[in-house]
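Counting with the numbering used here, you get residues 34 to 110 for the letters of the sequence shown. The beta carbon of each residue, even a glycine, is placed where N, CA and C say it ideally should be. Just below is one structure, and these are the notes that go with it.
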Amino acid sequence: MKYDCHQNSKHFVNQLFSYGFYPLIKSPTDVTGITSTLIDNIYTNEIGVHLENGIMVNDISHHLPIFVFVGIQECQK
């Protein structure tokens, strides 16, 4: 994730970090023959929660779909 190269991106990411949010998606989601860019994001501030996340590879759309599964524990009675 190269956010230091663009001033607005740097400000956006630093603002999120300052509030305790961190990115789950760290690989490019917009890939062409000559460029690749991370433009689809999921941020969280939940540290102790089990999260499964990733990028689905397909040829349906220009952007690769991203996902996150949140592990929620049921209350015990």
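The beta carbon of residue 73 lies closer than 6 Å to those of 62, 96 and 99 in the same chain, with the five residues before and after it left out. When the Cα atoms are used, residue 102 and residue 77 turn out to be separated by approximately 12 Å. In the three-state DSSP reduction, residue 44 falls in the helix class (H, G or I).
Here residue 75 is exposed, its C-beta having fewer than 16 other C-beta atoms within 10 Å. When beta bridges are read from the DSSP output, residue 87 appears opposite 100.
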